[in-house]
Structures are given as C-alpha cells and as structure tokens.
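*Asks:* All the letters of the sequence shown, read from the start, carry residue numbers -22 to -1, 1 to 247 under mature numbering (1 follows the signal peptide of the UniProt record, and there is no 0).
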Amino acid sequence: MKNNKIVLSIVVSSLLFSQSYALPSGGKFTHGTSGTINVNGNTMNITGNKVNSVIQWGGGFNIAKGETVNFGQGKTNQNYLNIAYGTKSSTIDGLLNATGNNVYLINPNGVVIGKSGTINANKFGVSTSSIDSKAMQEFADRSTFESPVFSPKFTANKGNVINMGNIKANDVLIIGNEVGNVGADGVGNFNLQDNGKVQFVGDKVKVNVGSIKNANSIIVSAQTAATLGQSTTDVYKNNTNNLDSRVQAQNYNGSTNYLQTIQMTKKPL
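#1: Fully enclosed by the segment 10 to 86, which beta strand (DSSP E) runs are 3 residues long or longer?
#2: For my contact list, N100 and N148 are in at a C-beta cut-off of 8 angstroms; report their separation, rounded to the angstrom.
#3: Is it buried or exposed for A(-1), if we count other Cβ within 10 angstroms and need 16 for buried?
#4: Alpha carbon to alpha carbon, how far is F178 from G88?
#5: What residue from P2, V81 and F117 has the CA that sits closest to residue 328's CA?
#6: Out of Q34, G50 and T46, which one is the CA nearest neighbour of G64?
#7: What does a CB cutoff of less than 7 angstroms around N23 pick up in its chain, not counting 5 residues either side in sequence?
#8: Distance check for N75 and I97, CA to CA, integer angstroms please.
#9: Counting only the same chain and skipping the five closest in sequence on each side, list residues whose C-beta sits under 7 angstroms from that of T54.
#10: Once DSSP output is grouped into helix, strand and coil, what is the label at D110?
#11: Evaluate S121 with the Cβ neighbour count: other Cβ atoms within 10 Å of its Cβ, from every protein chain shown; 16 or more gives buried, anything less gives exposed.
#12: Using the three-state DSSP reduction, which class does G92 fall into: helix, strand or coil?
#13: Check this for me: beta carbons of G154 and V176, under 7 angstroms apart or not?
#14: T106: which of N40, V187, I197 and I152 sits nearest, CA to CA?
#15: Can you say whether K184 is buried or exposed, counting buried as having 16 or more other CB atoms within 10 angstroms of its CB?
#16: What is the DSSP secondary structure of S189, counted as helix, strand or coil?
#17: Who are Q177's beta bridge partners in DSSP?
#18: Among all the DSSP beta bridges, which residues are the ones paired with A99?
#19: Looking only at its own chain, which residues have a Cβ that is under 6 angstroms from the Cβ of K146, when we skip the five neighbours before and after it?
#20: From F123 to Q171, what does the alpha carbon distance come to, in whole angstroms?
#21: Compute the Euclidean distance between the alpha carbons of D163 and S31, then round it to the nearest angstrom.
#22: How many Å lie between K112 and T11 at the Cα?
#23: For I197 and V187, which I take to be in contact (beta-carbon distance under 8 angstroms), what is that distance rounded to the nearest angstrom?
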C-alpha cells in the first residue's frame, strides 16, 4: 500500500507542478457545430446550438479553485466533446457544471481533478487517448443524445487521470495510462445517480471502491495491474470472488478473464 501512495504521489505532483491555473482558453466550436462561449469574471458559460458540440481548446482546459464552467445554460440532453491542446495536463480544481448534459474531456497529457474539484453531469468521460478529426466529425454528425463518444479501450499513451475531487453523474468513464481515484492526501469520490456505472480503463488502475456511492456496476479494465481497496467484504480468492459485488475485473481488451495481477485490500490505498 505504501508503494501505491508513493507512485500516485509522484504522478499527481508532476501533473500539478506543470499546470497553470485559469479558465479554459482558446475555445472554438468546430466540425460544423456552433454555440457561444462567454466569460463573466470567474465564470464561463458554454452553450451549444445542436445536440452535439465539438470544442477545441487551443489554450488548454483548466478550472481553478473558485472558477466555474457551465455547460448548457438551461438546456439539457446535449453532448459536449472538449479536446485540450498543448503540452500540459488539465487540472480541475473548480466546478464543472453540466446538469442534464454529457461532457467529455480529452487531453493526451493527462487530467487531474483536484481535492476542491467538483463535476456535475449526466455523464462524464475523460480520456488521454488521442482522437482524430474523422472521429470528431462522426461525433458532430450524430443527432441523438445517448450516442457513445469513444469506446472504452486503452491505447498506449503517457497521460494519467487521477480523481481527488467529487464526481456526481449517472455514468463515468475514465481512460488513461495510470488511472485512479486515490491521491497522496486523500480519496476522490464518485456519487453515481440512478444506480449508474463507473468504468476505469488503463495500463494500471488503482481504485478505492468504498468511495464510489450508488453505483450499480464498477468496471475495472487494466492492461498490467489493478489494485482495489477500501471494501467491506473479503479479498479475492483464486481470482474468482469479487471484492465487492458491484465490481467486474477485466483485462484491458474486455475479456471476461480475471486479471492475474489484481491486488485487494480492505484498507484505503
């Protein structure tokens, strides 16, 4: 457990050290989508004109503590695909509010949701996998609210995704190199609505199951290793008994075979 804390401490520290704090900048609606991006002090309001919006952020996507980014502004059943460009990871220490809407954030350099960061959305997806213009166009051309944005498959990348804040949504999808809801100084929380689903996909996945509330299912898909902690039941035995009845452990390509390198503990990671 000590090694897990050390590794994630290094990951989080490196991400935060390289980050400058500001509202998302350089945003443009692309691929035939349109809308408005307005800033009033520490608040940014984003509203798309169609069901699906593609927004490319040339200056990166960050939300500092005390800042708020609102998606939809009274509208619901909209999808917002955000692509952050540059060489730095994204840090969310403020409020991302998208009640009734789906928000997706892609940054190959990594994403950290800080201890003061809060996400409110119908569905929240974050990925460090790259996305090409063709995939963006396919997303923009869809006309339905519930269409998937990207498949939960791990692809080689350097970016890590760490949640130390609070995510409230019906469904959550997190894809990265190292993925976890644990940090050097605390545990990130997930508050799922309507018995939703949370899925972690990565090379190495570290999850505190006890911090995930109201989830109908928790899917852990890892290429190399997965570590689950803070549970209320027994550890795995012979790689067949779930640590938590909600948990499904898979290898990274979706096979039903259980990971041979999975580690379990009743203690927080």
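Beta carbons are placed, not taken as given, at the ideal position from N, Cα and C, and that holds for glycine.
Fair warning: this is a prediction, and the values are worked out from it, not measured in the lab.
*Replies:* Taking the structure as given:
#1: Qualifying beta strand (DSSP E) stretches, in chain order: 13 to 18, 21 to 26, 30 to 35, 46 to 49, 57 to 62, 68 to 70 and 73 to 84.
#2: That pair is a contact at about 5 angstroms.
#3: Here A(-1) is exposed. Its C-beta has fewer than 16 other C-beta atoms within 10 Å.
#4: For F178 and G88, the distance between alpha carbons rounds to 14 angstroms.
#5: Only positions -22 to 247 of the chain appear in the structure, and residue 328 is not among them; the question remains open.
#6: Among Q34, G50 and T46, the Cα nearest to that of G64 belongs to Q34.
#7: Cβ-Cβ distances below 7 angstroms link N23 to N16, N48 and Q51 in the same chain, with the five nearest sequence neighbours on each side left out; the list follows chain order.
#8: Those two C-alpha atoms are separated by around 6 angstroms.
#9: Non-local C-beta neighbours of T54 in its own chain, meaning closer than 7 angstroms and more than five positions away in sequence, comprise G78 and N79, ordered along the chain.
#10: If DSSP states are grouped into helix, strand and coil, D110 belongs with coil.
#11: Here S121 is exposed, its C-beta having fewer than 16 other C-beta atoms within 10 Å.
#12: If DSSP states are grouped into helix, strand and coil, G92 belongs with coil.
#13: No. Outside cutoff.
#14: Closest option to T106, Cα to Cα, is I152.
#15: Buried is the call here.
#16: In this structure, DSSP gives S189 a helical state, which the three-state scheme calls helix.
#17: For Q177, DSSP records a beta bridge to L151 and I197.
#18: In the DSSP output, where bridge partners are listed per residue, A99 has A76.
#19: These residues qualify, in order along the chain: N98 and N169.
#20: In a straight line, the C-alpha of F123 is about 18 angstroms away from that of Q171.
#21: With a pLDDT of only 48 at D163, under 50, the local geometry of the prediction cannot be trusted, and the value read off the model is given with reservation. The alpha-carbon atoms of D163 and S31 are separated by roughly 36 angstroms.
#22: Those two C-alpha atoms are separated by around 14 angstroms.
#23: Not confirmed; about 12 angstroms, so no contact.
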